[in-house]
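Peer 1: Below are the structure tokens for one structure; questions will follow.
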Amino acid sequence: MIIVLIQVLLIFSLFLPSFSIDQTANSPKKLITWKEFKKSLSLNNYPIPKREQYETVKQLAEQFDITTKEELAMFLAQVYWESLGLQHTKEIACASSKCPTNYRTGREKPGKYYYGRGYIQLTWLDNYENCSMDMYGDMRLVEEPDIVSDTVEGAWGSAFWYWHKYIHDIPEIHQGKFGYSTMAINGALECKGVYKIKAFRRYVVYVRVLEAFNLLDNVKPLQDGCYPMSGKDAPGFKLCIPIGSYRTQAGLFHWCNDNCNSADSNCPTDMCQCEP
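The sequence shown begins at 1 in the UniProt record's numbering and counts up by one.
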């Protein structure tokens with residue numbers, strides 16, 4: 001009798017609704033698991049993070065109104081690209097020199113420099129002022145800008161703040177069009193400028209985060225919103241995957257996408273398969 005009941009339940013389960021965002025929208029515990037967070041980095045060949053990073057992401061995602069796994073995947077992909085997988089919280093070119101002639105408005109106090117800090121590079125005095133007031137109700141990030149780079153709360157908080165202020169309310173973000181987030185972060189150089197391949201590489205990181213979140217069966221990754229997707233100015237980037245025995249080799253996913261989409265394409269067909 002018990003065996004029959006189990007069989008009936010298993011058959012019935014086939015007709016239950018599949019995953020939908022509405023089922024998890026108001027539950028931060030289900031938005032991301034520790035296992036998914038670790039996998040989203042490891043699939044992109046980045047180091048395994050500390051548990052503190054994960055707990056901070058869960059807390060701040062709720063506070064900054066990210067309620068779907070799709071949007072969180074976009075956000076994390078951009079964070080990973082900007083920080084080399086959570087390894088850098090300061091603009092690399094400015095970490096030593098502080099770039100004293102960059103990002104100047106004439107309003108800065110002596111000795112204060114507002115180069116890129118945090119997991120999504122917060123730059124310019126205005127952004128430090130606005131972020132500080134919104135997060136803390138005072139000007140502490142203006143007085144001590146290294147809070148953004150030197151504390152977990154500052155690095156993540158400034159990134160979530162930037163996303164919420166400049167990206168979260170873009171309608172196309174909620175249609176799964178990843179390119180719009182890149183346009184909002186570095187559009188002048190990567191979407192409209194000469195570094196379109198970097199924008200595509202951000203997208204490749206996003207695809208891997210979707211994979212870590214087990215969303216690829218339900219979500220089609222879209223490049224739309226950055227560079228042209230058709231016409232003579234379209235770069236024609238295609239998502240590529242390693243095939244055969246290469247599928248399980250670390251780094252081959254990114255290798256295929258880099259080499260098959262570069263200007264001097266080197267795309268072995270026995271290693272990589274690209275979308276039509």
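Heads up, the beta-carbon is just placed ideally off N, CA and C, and yes, glycines get one too.
(1) Identify the continuous beta strand (DSSP E) that holds GLN273 and give its terminal residues.
(2) How would you write the range of the alpha helix (DSSP H) that CYS260 sits in, first residue to last?
(3) Measuring only the C-alpha atoms, how far is CYS260 from THR67?
(4) If we call anything under 7 Å between Cβ atoms a contact, is VAL142 one with GLY118?
(5) Below 8 Å CB to CB, which residues in the same chain sit around residue 284 once its five sequence neighbours on both sides are set aside?
(6) Could you pull the start and end residues of the beta strand (DSSP E) that CYS131 belongs to?
(7) Can you give me the Cβ contacts of GLY116 inside the same chain, cut-off strictly under 6 Å, excluding the 5 residues immediately before and after it?
(8) Could you check the C-alpha separation between LEU14 and CYS267 for me, to the nearest Å?
(9) Can you check whether the CB of VAL209 is closer than 7 Å to the CB of ALA93?
(10) So who's on the other strand from LYS165, going by DSSP bridges?
(11) Do ALA199 and THR182 have their C-beta atoms within less than 7 Å of each other?
(12) Out of curiosity, what's the CA-to-CA distance linking GLY173 and GLU71?
(13) Can you grab the Cα-Cα spacing for the pair GLN273 / LEU222, in whole Å?
(14) Which ranges would you report for the alpha helix (DSSP H) in the segment 154-211 if only whole runs of at least 4 residues count?
(15) Looking at C-alpha atoms only, which residue of ASP146, TYR162, LEU43 and SER83 is the closest neighbour of THR248?
(16) Could you tell me the distance, in whole angstroms, from the CA atom of TYR166 to the CA atom of ASP270?
(17) I need the DSSP call for ASP22, collapsed to helix, strand or coil.
(18) Report back the beta-carbon spacing between MET133 and GLY157 to the nearest angstrom; my notes put them in contact at under 8 Å.
(19) Residues in its own chain within less than 6 Å of TYR203 by CB, not counting five upstream and five downstream?
(20) In three-state terms, what does DSSP make of CYS240?
(21) Measure how close the beta-carbons of TRP163 and CYS131 come, nearest whole angstrom, since I'm counting them as under 8 Å.
(22) Give the straight-line distance between the Cα atoms of LYS30 and VAL57, rounded to the nearest whole angstrom.
(23) On the DSSP bridge list, what partners appear for ARG117?
Peer 2: Checking against the coordinates, here is how it stands:
(1) Taking the first residue of the sequence shown as 1, we reach residue 273 at position 273. Run containing GLN273: 272-274, per the beta strand (DSSP E) assignment.
(2) Stepping through the sequence shown from its first residue, residue 260 is reached at position 260. Annotation: the continuous alpha helix (DSSP H) that includes CYS260 extends over 252-260.
(3) Counted from its first residue, the sequence shown places residue 260 at position 260. Counted from its first residue, the sequence shown places residue 67 at position 67. Spanning the two alpha carbons is a distance of roughly 35 Å.
(4) Translated into positions along the sequence shown, residue 142 becomes position 142. Translated into positions along the sequence shown, residue 118 becomes position 118. For VAL142 and GLY118, no; Cβs fall outside 7 Å.
(5) Residue 284 lies beyond the range of the chain shown here (1 to 276); nothing can be said about it.
(6) Taking the first residue of the sequence shown as 1, we reach residue 131 at position 131. First-last for CYS131: 125-136, but that is the alpha helix (DSSP H), not the beta strand (DSSP E).
(7) The residue labelled residue 116 in the question sits at position 116 within the sequence shown. GLU91 and THR123, listed in sequence order.
(8) In the sequence shown, counting from the first residue as 1, residue 14 sits at position 14. In the sequence shown, counting from the first residue as 1, residue 267 sits at position 267. Because LEU14 carries a pLDDT of 34, less than 50, the predicted location of this residue cannot be relied on, and the following value inherits that uncertainty. C-alpha separation (whole angstroms): 40 Å.
(9) Start at 1 with the first residue of the sequence shown, and residue 93 comes out as number 93. Start at 1 with the first residue of the sequence shown, and residue 209 comes out as number 209. With contacts defined by Cβ atoms closer than 7 Å, ALA93 and VAL209 do not form a contacting pair.
(10) By one-based count along the sequence shown, residue 165 stands at place 165. The partner list for LYS165 (beta bridge, DSSP) is empty, contrary to what the question assumes.
(11) Your numbering for residue 199 matches position 199 in the sequence shown. Your numbering for residue 182 matches position 182 in the sequence shown. The criterion of a C-beta distance shorter than 7 Å is satisfied by ALA199 and THR182.
(12) Numbered from its first residue, the sequence shown carries residue 173 at position 173. Numbered from its first residue, the sequence shown carries residue 71 at position 71. Reading off the sequence shown, one finds Ile at residue 173, where the question assumed Gly. Put simply, the backbone Cα of ILE173 is about 7 Å away from that of GLU71.
(13) Counting from one through the sequence shown, the residue named residue 273 turns up at place 273. Counting from one through the sequence shown, the residue named residue 222 turns up at place 222. Distance from the CA atom of GLN273 to the CA atom of LEU222, rounded to whole angstroms, is 18 Å.
(14) DSSP runs (the alpha helix (DSSP H)) wholly in the segment 154-211: 179-186.
(15) Taking the sequence shown and counting its residues from 1, one reaches residue 248 at position 248. Ranking the options by Cα distance to THR248, first place goes to LEU43.
(16) On the sequence shown, position 166 is the one that residue 166 refers to. On the sequence shown, position 270 is the one that residue 270 refers to. Distance between the alpha carbons of TYR166 and ASP270 is about 42 Å.
(17) By one-based count along the sequence shown, residue 22 stands at place 22. Since pLDDT at ASP22 reaches only 38, below the 50 mark, its modelled position is unreliable, and the value read off the structure follows with that caveat. In this structure, ASP22 counts as helix in the three-state DSSP scheme.
(18) Working through the sequence shown from its first residue, we reach residue 133 at position 133. Working through the sequence shown from its first residue, we reach residue 157 at position 157. Rounded, the Cβ-Cβ distance is 13 Å, inconsistent with contact.
(19) Sequence index remark: in the sequence shown, residue 203 carries index 203 (1-based). Only PHE178 and GLN223 meet the Cβ criterion.
(20) Within the sequence shown, the letter at position 240 stands for residue 240. Here CYS240 sits in strand by DSSP.
(21) Here residue 163 is taken as the residue at index 163 of the sequence shown, counted from 1. Here residue 131 is taken as the residue at index 131 of the sequence shown, counted from 1. Here TRP163 is actually not in contact with CYS131; their C-beta atoms are around 11 Å apart, not less than 8 Å.
(22) Taking the first residue of the sequence shown as position 1, residue 30 is located at position 30. Taking the first residue of the sequence shown as position 1, residue 57 is located at position 57. When rounded, the distance between both Cα atoms is 13 Å.
(23) As a working note, residue 117 is residue 117 in the sequence shown. According to the DSSP secondary-structure assignment, ARG117 is paired through a beta bridge with LYS90 and LEU122.
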